[in-house]
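Going left to right, the sequence shown walks through residues 0 to 108 as numbering that gives the first Met the number 0 numbers them.
Cβ coordinates follow ideal geometry from the N, Cα and C atoms, glycine included.
In this text, all values refer to a predicted model and were calculated from it rather than measured experimentally.
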Amino acid sequence: MSTPPSTPSPDELKQKLLLETSRIPWHELQTYYARGQVVRVSASLDLLDVAAELTADNKARFERWMADQQVGEVSPDLARTWYERNAELWAVVVAPWVLVQDRSAGDLH
């Protein structure tokens, strides 16, 4: 009989997510955006914290972030702006979602 895998600690989870985080041009995310799988994360939040909470299925925390407009869908206007400048975003995948964050100066939403 095999032992079930242990649940990683929050620090272990964040370390794993850190290894999967990278910068990616917006143009390379168009397919995921078209499928509605891109989640915008405000620059005021820690991208890894958001990814860890999504992995933990923390619905209450996400509802708060969404109500505060710190996490949510990428609006068509923002998508167009990112497309026009081919913004390079920080991204991490928490399947099926791609969490993205624009850390350019002045972008806190």
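Residues near residue i by beta carbon distance below 8 Å, same chain, minus five either side
{"i": "residue 31", "result": "37, 97"}
Residues bridged to residue i (per DSSP)
{"i": "residue 8", "result": "According to DSSP, which records beta bridges pairwise, residue 8 is partnered with nothing at all."}
{"i": "residue 98", "result": "38, 91"}
{"i": "residue 24", "result": "87"}
Residues of its chain near residue i, where Cβ-Cβ distance is below 6 Å and the 5 sequence neighbours each way are ignored
{"i": "residue 44", "result": "69"}
{"i": "residue 95", "result": "36"}
Where residue i sits in the DSSP three-state scheme
{"i": "residue 44", "result": "coil"}
{"i": "residue 49", "result": "helix"}
{"i": "residue 84", "result": "coil"}
{"i": "residue 19", "result": "coil"}
Assumed close pair residue i, residue j - CB separation to whole angstroms, cut-off 8 Å
{"i": "residue 91", "j": "residue 16", "result": "6 Å"}
{"i": "residue 28", "j": "residue 89", "result": "That pair is no contact at about 12 Å."}
{"i": "residue 87", "j": "residue 24", "result": "5 Å"}
Does the structure place the segment 79–86 close enough to the segment 42–58 that three or more beta carbon pairs sit under 8 Å?
no
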